[in-house]
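Report on the structure given below.
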Amino acid sequence: SVGTVTAFAVALVGFAVFYEGEATADVELNDSGVWVTKTSAGQVGRFNYASQALDGTLLAGSASFDVQQDASDVLLDDTGSSAAAPIDVAHLSLDGQVRLPAGAEVVSGGGVTAVLDDEEHLVWVLPFDGATSFDAQETEPVAELEGDGALTVSRDGTVFVAVASSGELTTVRTASDGTVEGDPQTSSLPVDKAAELSVTAVGDDPVVLDRSGSQLILPGGRSVSVDDGGSGVLQQPSAGSDVVMLATGSGLVSQPLGGGDATVRSAQGVPAAPVQLDGCTFGAWGGSGQVVRDCAGTDRDLDERLEAVDPQSVLAYRVNRHVIVLNDLSAGTLWMAADAYEKVDDWDLVQPEEAEGQESDASLTNPEQVDQFVADRSQPNRDPQPKDDVLGARPGRTTILPVLANDVDPDGDVMTAAVVGQGPAGVQVQQIMGGAALQVVVPEGAEGTERFRYAVSDGRGGLAEASVSLTVSPLGENEPPVQSGDPVLKVGQGSTATIKVLPYFLDPDGDDLYLASAEAAAAGDEVRSRPDGSVEFRDGGASTGRKVVDLAVSDGQGGLVEGKLLIDVVAGQQPPIAVNDHVTVVAGESVTVEPLVNDTDPDGDELRLSDVDEHDKALVTANLDAGTFRFVSDEPGSYDLTYQVTDGPNATTGLVRVDVTSPDDASGAPVVVTDTAMLPTGGKTLVDV
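Numbering (the UniProt record's numbering), first residue to last: 1 to 689.
The structure is reproduced here in structure tokens:
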């Protein structure tokens with residue numbers, strides 16, 4: 001298929017606060033650890049408050065994952081692989097696997113694991129310790145819903161599911177051992193059938209947010225209006241309290257559970273789910289970096305903006321026992337916020353299962369993931385997050401501008417780019433490959449720097465802009481290429497996997513690049529490569545962990561840069577890695593999509609297409625045996641289709657964005673796209689122009 005492959009470069013920032021509280025007879029042994037994530041490196045880490053450092057990390061199975069925790073019950077939710085895995089906190093290892101229906105949601109807490117399958121409208125509730133025995137075909141669900149639901153689990157293990165279409169809240173109570181106790185109970189919800197709901201728990205009390213109606217449904221069914229509720233995010237489940245917290249794009253709302261007037265503390269940004277912990281309330285907002293801590297009295301109150309937080313950061317709190325950490329998909333650093341906000345930055349010192357004798361290099365600790373994730377399409381859409389670019393070109397040539405390479409969509413949507421306005425006066429900038437990139441045509445004799453803006457669309461109404469500074473470099477001058485990101489290739493132990501590495505390199509002058517060499521750093525492993533950037537890694541099978549392939553990339557003008565390809569060797573059967581695709585077609589015409597062409601499997605297993613979603617405004621005809629599907633629609637617009645790719649024992653969800661254009665839009669002059677051919681010495685090659 002014609003695919004846009006945008007590597008997501010995200011990282012982690014955080015701050016931690018620890019409250020000793022009042023002395024109690026607590027005899028539970030704990031490691032004072034809270035689990036955090038660094039999605040850019042595919043890592044889950046444990047932050048030890050006592051030592052003020054990360055003391056261990058694990059590799060996730062895909063680029064889309066999260067961590068849930070309640071004391072020593074820690075669950076790695078690997079949404080990109082439709083699986084979850086309990087973490088053995090004593091041995092820092094995964095302890096089995098919970099296979100989930102495609103697109104299912106899993107939530108744990110209070111010794112319970114709950115699974116919600118919105119496709120079949122089923123709910124399962126299991127003890128946390130027995131969750132790995134879950135089988136969607138064999139395990140009896142505890143409830144059948146009448147529509148899509150919103151799920152949460154309280155601190156004591158009570159499960160709540162809110163369903164708008166039926167106007168019901170389902171409650172499943174559990175015993176101390178995590179088993180279901182009694183029949184599920186239902187109560188009415190005063191919401192519209194199409195309302196967008198979320199639910200949380202304050203002690204045993206459920207609270208539902210109706211974003212569509214900008215209202216909260218309090219315990220007992222009473223509803224109260226909230227300002228800016230459409231942007232609201234409910235608090236994380238907490239111990240009992242007289243209030244529920246709601247963060248919006250304009251403030252932190254404290255709403256009494258018994259009704260009455262709410263109090264609002266002004267804030268600005270993209271809200272994270274607030275937290276109530278040990279008599280304090282915590283709020284955080286991405287974009288602004290604003291944080292709020294509001295405790296009994298005023299001695300520990302805080303309202304300020306964190307430094308070194310990227311304006312495009314997405315924030316989320318992590319809480320375990322009495323430790324709270326704010327995670328930010330940004331730079332991989334941590335801040336202790338007990339008093340002086342001491343900075344902790346030691347992810348590079350705790351590499352997951354690092355290969356014996358491998359030299360640690362701080363520049364290799366922020367790798368980009370080549371696989372992508374498909375977010376919950378029922379959740380509110382968020383705008384893309386483009387970043388400004390500094391690029392180069394040569395006079396008298398056509399150069400592709402990879403403007404999307406450093407841009408991020410927080411929902412995993414497929415992004416496209418288009419020039420804003422007429423573009424720069426001195427050169428011609430064109431949209432190519434359906435918006436996967438831009439191309440600049442530079443006339444002979446051009447020089448200097450031009451600036452223009454481009455818009456990024458996610459196909460779902462999300463739109464954002466960034467700028468490009470384009471410098472035309474004379475032919476007599478040359479700057480060597482630079483490595484713009486660290487590619488990470490996941491491979492099963494003893495297996496073979498392939499990746500293209502040139503998208504992770506950039507030439508400041510816009511020269512075409514080729515891969516000059518690729519060599520394995522460890523004995524016993526084999527590497528084969530081609531000048532077009534394809535690298536095949538065959539693991540020797542001796543050990544798991546991180547390995548390195550040394551790369552050399554040339555611009556053909558005498559400039560050469562050395563780089564790294566990071567290899568994560570993992571044991572056990574691994575799921576496929578689905579890479580999102582982008583296709584364009586004229587309304588009324590059909591296109592055959594091959595979604596598996598750019599998908600890979602870490603174990604080298606053969607991939608098969610097992611399912612493709614239908615769409616009510618298009619005709620989608622799947623040919624599962626051929627691994628393709630046919631798409632046709634008479635209505636222009638963007639269409640998102642999910643599909644399932646399987647290697648036999650495992651399945652992964654992928655995403656295809658199909659842009660349907662009107663015949664009038666397609667009637668313009670064709671755009672000629674620059675091509676690069678690799679010609680062997682003394683040989684010949686065929687160029688498909």
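Ideal Cβ placement from N, Cα and C applies to all residues, glycine included.
Self-check item: Close beta carbons around residue 23, own chain, < 7 Å, minus the five adjacent residues each side
Solution: Stepping through the sequence shown from its first residue, residue 23 is reached at position 23. Confidence at residue 23 is low in this model, with a pLDDT of 31, below 50, so its placement is unreliable and the value that follows should be read with caution. None.
Practice problem: Report, in whole angstroms, the separation of the C-beta atoms of residue 590 and residue 651, which I expect to be a contact under 8 Å. | Solution: If you number the sequence shown from 1, residue 590 lands on position 590. If you number the sequence shown from 1, residue 651 lands on position 651. Not a contact, Cβ separation roughly 27 Å.
Self-check item: Cβ distance (whole Å) where residue 455 is taken to contact residue 418 below 8 Å
Solution: Numbered from 1 along the sequence shown, position 455 holds the residue referred to as residue 455. Numbered from 1 along the sequence shown, position 418 holds the residue referred to as residue 418. Right, the Cβ-Cβ distance comes to about 5 Å (below 8 Å), so this counts as a contact.
Quiz item: Going by alpha carbons, who is nearest to residue 322 out of 249, 275, 643 and 346?
Solution: Here residue 322 corresponds to residue number 322 of the sequence shown, with the count starting at 1. For residue 322, the nearest C-alpha among the options comes from 275.
Quiz item: Taking the C-alpha atoms as reference points, what is the distance between residue 34 and residue 234?
Solution: Indexing the sequence shown from 1 puts residue 34 at position 34. Indexing the sequence shown from 1 puts residue 234 at position 234. Taking the straight line from one Cα to the other gives about 21 Å.
Exercise. Figure out for me which residue from 259, 236 and 290 has the closest Cα to the Cα of residue 320.
Key: The count along the sequence shown starts at 1 and reaches residue 320 at position 320. Minimum Cα distance to residue 320 is reached at 236.
Quiz item: Helix, strand or coil: how does DSSP classify residue 306 here?
Solution: Taking the sequence shown and counting its residues from 1, the one referred to as residue 306 is at position 306. Note: residue 306 maps to coil in three-state DSSP.
Practice problem: Ignore the nearest five residues each way along the sequence and tell me which others in residue 311's own chain have a CB closer than 7 Å to its CB. | Solution: Taking the sequence shown and counting its residues from 1, the one referred to as residue 311 is at position 311. Answer for residue 311: 287, listed in chain order.
Quiz item: Do the CB positions of residue 501 and residue 569 come within less than 8 Å of each other?
Solution: For this step, residue 501 is matched to residue 501 along the sequence shown. For this step, residue 569 is matched to residue 569 along the sequence shown. No. Outside cutoff.
Quiz item: Rounded C-beta distance between residue 121 and residue 145? I'm assuming under 8 Å.
Solution: Taking the first residue of the sequence shown as position 1, residue 121 is located at position 121. Taking the first residue of the sequence shown as position 1, residue 145 is located at position 145. Rounded, the Cβ-Cβ distance is 4 Å, consistent with contact.
Self-check item: Where residue 564 falls, given that 16 or more other Cβ within 10 Å makes a residue buried
Solution: Numbered from its first residue, the sequence shown carries residue 564 at position 564. Residue 564 is buried by the Cβ-count criterion.
Practice problem: Could you work out which residue in 436, 206 and 81 is closest to residue 405 when comparing CA atoms only? | Solution: Counting from one through the sequence shown, the residue named residue 405 turns up at place 405. With distances taken between Cα atoms, residue 405 lies closest to 436.
Practice problem: Please determine if the segment 161 to 169 and the segment 190 to 199 are in contact, where contact requires at least 3 C-beta pairs separated by less than 8 Å. | Solution: Short answer: they touch.
Quiz item: Quick one: is residue 581 buried, meaning 16 or more other Cβ sit within 10 Å of its Cβ, or exposed?
Solution: If you number the sequence shown from 1, residue 581 lands on position 581. Buried, since its Cβ has 16 or more Cβ neighbours within 10 Å.
Self-check item: Proximity winner among 431, 90 and 263, relative to residue 673 (alpha-carbon distances)
Solution: The count along the sequence shown starts at 1 and reaches residue 673 at position 673. When each option's Cα is compared against that of residue 673, the closest is 431.
Exercise. In angstroms with no decimal places, state the Cα-to-Cα distance between residue 639 and residue 415.
Key: Looking up residue 639 in the sequence shown gives position 639. Looking up residue 415 in the sequence shown gives position 415. When rounded, the distance between both Cα atoms is 13 Å.
Quiz item: In the structure shown, what three-state DSSP assignment does residue 502 receive?
Solution: Reading the sequence shown from its first residue, position 502 is the one you call residue 502. Here residue 502 sits in helix by DSSP.
Quiz item: I think residue 434 touches residue 452, with their Cβ atoms under 8 Å apart; what is that distance to the nearest whole Å?
Solution: Translated into positions along the sequence shown, residue 434 becomes position 434. Translated into positions along the sequence shown, residue 452 becomes position 452. Contact flag wrong, Cβ pair sits at about 20 Å.
Exercise. Give the DSSP-derived three-state secondary structure of residue 415 in the structure shown.
Key: Position 415 of the sequence shown, counted from the first residue, corresponds to residue 415. Coil, per DSSP.
Exercise. Look up residue 673 in the DSSP assignment and say whether it is helix, strand or coil.
Key: In the sequence shown, counting from the first residue as 1, residue 673 sits at position 673. Residue state, collapsed to three classes: coil.
Quiz item: What residue does the beta strand (DSSP E) around residue 515 start on, and which one ends it?
Solution: Reading the sequence shown from its first residue, position 515 is the one you call residue 515. Counting along the chain, the beta strand (DSSP E) containing residue 515 begins and ends at 514 to 520.
Exercise. State the DSSP-derived secondary structure class of residue 176, mapped to helix, strand or coil.
Key: As a first step, residue 176 is located in the sequence shown; it is residue number 176 there, counting from the start. Correct three-state label for residue 176: coil.
Exercise. To the nearest angstrom, report how far apart residue 439 and residue 402 are at their CA atoms.
Key: What you label residue 439 is simply residue 439 of the sequence shown in a count that begins at 1. What you label residue 402 is simply residue 402 of the sequence shown in a count that begins at 1. In this structure, the alpha-carbon of residue 439 lies about 8 Å from that of residue 402.
Quiz item: Among residues of its own chain, excluding the 5 on either side of residue 636, which ones have a beta-carbon nearer than 8 Å to its beta-carbon?
Solution: Translated into positions along the sequence shown, residue 636 becomes position 636. Excluding sequence neighbours, residue 636 sits near 587, 660, 661, 662 and 665.
Exercise. State the Cα-Cα distance for the pair residue 223 and residue 215, rounded to the nearest angstrom.
Key: As a working note, residue 223 is residue 223 in the sequence shown. As a working note, residue 215 is residue 215 in the sequence shown. Near 6 Å, if we compare the C-alpha coordinates of residue 215 and residue 223.
Quiz prompt | C-alpha distance - residue 282 paired with residue 206, whole-angstrom precision | solution = Start at 1 with the first residue of the sequence shown, and residue 282 comes out as number 282. Start at 1 with the first residue of the sequence shown, and residue 206 comes out as number 206. About 20 Å.
Quiz item: Which class does residue 64 belong to by DSSP, given the choice of helix, strand or coil?
Solution: Locating residue 64 in the sequence shown gives position 64, counting from the first residue. Correct three-state label for residue 64: coil.
Quiz item: Taking the beta strand (DSSP E) that residue 139 falls in, what are its first and last residues?
Solution: Here the question's residue 139 lines up with position 139 in the sequence shown. Looking at the DSSP string, residue 139 is not in any beta strand (DSSP E), and its letter there is neither H nor E.
Self-check item: chain C contact for residue 224 (CB, 8 Å cutoff)
Solution: Checking the listed chains, one finds no chain C in this structure; it contains a single protein chain.
Quiz item: Where DSSP assigns a beta bridge to residue 284, which residues make up the other side?
Solution: Residue mapping note: residue 284 aligns to position 284 of the sequence shown, counting from 1. Looking at the DSSP assignment, residue 284 forms a beta bridge with 291.
Quiz item: When the Cα atoms are used, what is the spatial distance from residue 543 to residue 628?
Solution: In the sequence shown, counting from the first residue as 1, residue 543 sits at position 543. In the sequence shown, counting from the first residue as 1, residue 628 sits at position 628. Distance between the alpha carbons of residue 543 and residue 628 is about 37 Å.
Quiz item: Does the count of Cβ pairs from the segment 553 to 563 and the segment 64 to 78 closer than 8 Å reach three?
Solution: The segment 64 to 78 and the segment 553 to 563 do not touch, with fewer than three beta-carbon pairs separated by less than 8 Å.
Quiz item: If you compare alpha carbons, which of 552, 493 and 526 is closest to residue 515?
Solution: Translated into the one-based positions of the sequence shown, residue 515 becomes position 515. The shortest Cα separation from residue 515 among 552, 493 and 526 belongs to 552.
Self-check item: DSSP three-state assignment for residue 511, whether helix, strand or coil
Solution: Residue mapping note: residue 511 aligns to position 511 of the sequence shown, counting from 1. Three-state result, residue 511: coil.
Self-check item: Buried versus exposed call for residue 68 [16 or more other C-beta atoms within 10 Å across all chains shown]
Solution: Here residue 68 is taken as the residue at index 68 of the sequence shown, counted from 1. The residue in question, residue 68, is buried, as its Cβ has 16 or more Cβ neighbours within 10 Å.
Practice problem: Name the residue from 80, 57, 49 and 76 whose alpha carbon lies nearest to the alpha carbon of residue 642. | Solution: As a first step, residue 642 is located in the sequence shown; it is residue number 642 there, counting from the start. Cα-wise, what sits closest to residue 642 is 80.
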